[in-house]
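Notes for the one structure printed next.
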Amino acid sequence: MMESAGLRGDYSKAGPDYAVEQEWGEYTPEEHATWDMLFNRQVAMLPGRVTPEFLQGLDILRLSKPGIPDFDELSERLMKATGWQVVAVPGLVPDDVFFDHLANRRFVSGNFIRKPHQLDYLQKPDVFHDVFGHVPLLANPVLADYMQAYGQGGQRAAAMGAIDRLSRLYWYTVEFGLVRSGDVLKLYGAGIVSSYTESVFALDDPSPNRLGFDLKRLMRTKYRIDDFQQNYFVIDSFEDLLNQTLHTDFGPLHTELQGQPDIEIETILPSDLVYTHGTQAYARGKDGLAPLKWRGIGSA
Ligand code: PHE
Ligand code: FE
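To convert, take the position in the sequence shown, counting from 1, and add 222; that gives this note's numbering.
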């Protein structure tokens, strides 16, 4: 097998916008097979769990060649749908670079893919998370506008010293959001839908809290990046999300929230709309109090 680590994770070839060539021709058959396996596994399990808008956007990923999507071909299709492009980067990029790409309808994606022995745990977002998780909703005109506006809002928040609070909005919507459909909850966050184990945990496990979306409250709430979420926020609809974000002036909000204390992840407030009062058994299991029920599902 050819080792492609030379390019992946190598920032020396990146320009000031951190973009690199995807070098699609350098992927090994094993790397393409990893994509196909992850793709087929998610496509089989997501119907009924994921929001219909995501499934509608999935076809954009079915390109002329199997395996990891060729970003040139993908961008051409995405451009026709909503004016977005996918740009390869070697890994995480600084906030200002990320916001600038979003504000110009460019979504940055890692060009590397996880190793077969790490299918269910990711230290940093790879091409499967970035493309499978994010691109289907970028093909949706409403979410496409949300993402661009978020990039512009990020530039504004940066100027006001409010990036940390705005990042929570991204985390609890774009990455780990749930949406209500009648009485049932559905997935839409990219961090969930690109993860086999969290696609189950986020909806079915009694551990995490599931709370109604409340913008100010959410922007004060901490989150964890190292494991399943202890808390999910549920939006009523994409239209409602847009009304409260894209169509809301965050200037006064950033000022108001300045100096207000953070809210711990597990906290439930009297003002919260509670869908699930989580047991937090999974998170406590980390200290040996409960079994690690969901770890390894799918890879075991
Ligand atoms: N409307 C927000 C502002 O005035 C920016 C924003 C748009 C934030 C979309 C999130 C999503 O800064
Ligand atoms: Fe992501």
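Don't be surprised by glycine CBs; every beta carbon is placed ideally from N, CA and C.
Proximity test, residue i beta-carbon vs ligand 2 heavy atom, cut-off 7 Å
{"i": "H339", "result": "no"}
{"i": "A424", "result": "no"}
{"i": "E397", "result": "yes"}
{"i": "H523", "result": "Missing from the structure shown is residue 523; the chain here goes from 223 to 522 and no further."}
{"i": "H323", "result": "no"}
{"i": "K352", "result": "It should be noted that the sequence gives Asp, not Lys, for residue 352. Answer for D352: yes, Cβ within range of ligand 2."}
{"i": "P291", "result": "no"}
{"i": "P312", "result": "no"}
{"i": "P347", "result": "yes"}
Distance cut-off 7 Å: residue i Cβ against heavy atoms of ligand 1
{"i": "M368", "result": "Contrary to the premise, residue 368 reads as Tyr rather than Met in this sequence. Because some heavy atom of ligand 1 lies under 7 Å away, the Cβ of Y368 counts as near it: yes."}
{"i": "A371", "result": "yes"}
{"i": "D471", "result": "yes"}
{"i": "L360", "result": "no"}
Alpha-carbon spacing of residue i relative to residue j, whole angstroms
{"i": "T467", "j": "S429", "result": "29 Å"}
{"i": "E243", "j": "V308", "result": "11 Å"}
{"i": "R387", "j": "D449", "result": "20 Å"}
{"i": "I485", "j": "K444", "result": "6 Å"}
{"i": "A424", "j": "G247", "result": "36 Å"}
{"i": "V265", "j": "D317", "result": "31 Å"}
{"i": "Q502", "j": "D294", "result": "43 Å"}
{"i": "H499", "j": "I490", "result": "8 Å"}
{"i": "S297", "j": "R506", "result": "43 Å"}
Closest Cα partner of residue i within the set the options
{"i": "P274", "options": "A361, E243, K346", "result": "A361"}
{"i": "Y394", "options": "K346, L283, Q451", "result": "Q451"}
{"i": "D239", "options": "A310, L268, Y445", "result": "A310"}
{"i": "F455", "options": "T501, E397, E298, L479", "result": "E397"}
{"i": "P363", "options": "L300, Y392, V319, D348", "result": "L300"}
{"i": "G411", "options": "L268, H323, P251, Y233", "result": "L268"}
{"i": "D322", "options": "A241, H469, T489, Y504", "result": "A241"}
{"i": "V357", "options": "R336, K235, E253, G305", "result": "G305"}
Residue environment, residue i, which counts as buried when at least 16 other CB atoms sit within 10 Å
{"i": "N465", "result": "exposed"}
{"i": "G373", "result": "buried"}
{"i": "M441", "result": "buried"}
{"i": "R336", "result": "buried"}
{"i": "L314", "result": "exposed"}
Ligand 3 heavy atom lying under 7 Å from the CB of residue i
{"i": "G413", "result": "In the structure on display, ligand 3 does not appear, and the ligands it does have are ligand 1 and ligand 2."}
Below 8 Å, can you find three or more Cβ-Cβ pairs linking the segment 399-406 to the segment 346-355?
no
Report yes or no: do three or more beta-carbon pairs, one from the segment 489-496 and one from the segment 426-436, lie closer than 8 Å?
yes
Are there three or more Cβ pairs, one per stretch, closer than 8 Å when the segment 321-329 is compared with the segment 359-377?
yes
For the segment 340-348 against the segment 278-293, are there 3 or more C-beta pairs whose distance is under 8 Å?
no
Between the segment 468-488 and the segment 419-426, do at least 3 Cβ pairs fall closer than 8 Å?
no
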